[in-house]
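Have a look at the structure below before the remarks.
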Amino acid sequence: MADYSWSPPTPAYLPAQQPNYGLTLRAGRRDEAAVLSDLALRSTAWWEDWESFPPDTRDELTLDPDSAEHTTVVEVDGRVAGFYRIDPLPASAGRPGCGELSMLFVDPDFVGSGVGRVLVEDARRGAGAAGWSHLLVCAEPHATPFYQRLGAEQVGERPGATSGCSSPIFLLPVRRSGGSGGARAAYWR
């Protein structure tokens, strides 16, 4: 028996299989778990010696398909340049109205390009839509200036898993203005 498949024709005004160019934010996919895990590991290793990573840190940075599906990915010219994940905080955290920016990683090739800021601004929009007033962020020490520039206030510390240094914990306000969020997407060029 012959295998038949059909798909609608591509409209004449759209090029067939046109790759995405520019900056695109989209939902993460289950089949991207390995790609996103690799990006998280490379991003962290860019700042710290890879050999010093304890095995549990590598596990912490590895996404399974379910986790990958709950991320937001940024692509630059069709290439995955970073991703984030926001989650509700458990009631035991004692911070009602707060979510957590549980993951934010930028490919080392895009560090300093503005991609991280675009991800944070999108996370803020998502947190605002969830009704949260703040995002709690446990950051690596090298990211302190980045989060402070975005208005985050340091509210604590956690023992660091990879560097032996403590990791700052920030409270990042969620903007609820009617504006566009302020992040521009043309500065990586």
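Okay, so the sequence shown: first residue is 67 according to our numbering, each after it adds one.
For every residue, glycine included, the Cβ atom is placed at its ideal position computed from N, Cα and C.
| request: Below 7 Å CB to CB, which residues in the same chain sit around Ser-232 once its five sequence neighbours on both sides are set aside? | output: Glu-223, Arg-224, Pro-225, Gly-226
Exercise. Any chance you could list the beta strand (DSSP E) runs of at least 3 consecutive residues sitting entirely within the segment 199–239, in chain order?
Key: 200–204, 219–225, 232–239
_Determine whether the beta carbon atoms of Gly-148 and Val-172 lie at a separation below 8 Å._
yes
Which residues in the same chain as Ser-73 place their Cβ atom closer than 6 Å to its Cβ, once the five residues preceding and following it in sequence are excluded?
Because the pLDDT of Ser-73 is 37, which lies under 50, any placement of that residue in the model is unreliable, and the number read from its coordinates should be weighed accordingly. So no residue of the chain qualifies.
For Ala-193, which of helix, strand or coil comes out of DSSP? helix
Straight-line gap, Pro-234 to Asp-97 (C-alpha atoms, nearest Å)
32 Å
Nonlocal neighbours in the same chain, by C-beta distance under 7 Å from Glu-135, ignoring five residues either side: Gly-94, Arg-95, Arg-96
Note to self: Please tell me whether Ala-106 and Met-169 are closer than 8 Å, where the distance is taken between their beta carbons.
What the structure shows: yes
- [ ] May I have the straight-line CA-CA distance separating Val-203 from Trp-113, to the nearest angstrom?
- [x] 18 Å
(request) List the DSSP bridge partners of Gly-148. (result) Val-140, Val-172
message = Rounding to the nearest angstrom, what Cα-Cα distance links Leu-238 and Ala-159 in this structure?
response = 16 Å
Return helix, strand or coil for Pro-154, following the three-state DSSP convention. strand
Going straight from the alpha carbon of His-208 to that of Thr-110, what length do you get?
-> 10 Å
Anyone know if the C-beta pair for Leu-216 and Val-186 falls short of 8 Å? yes
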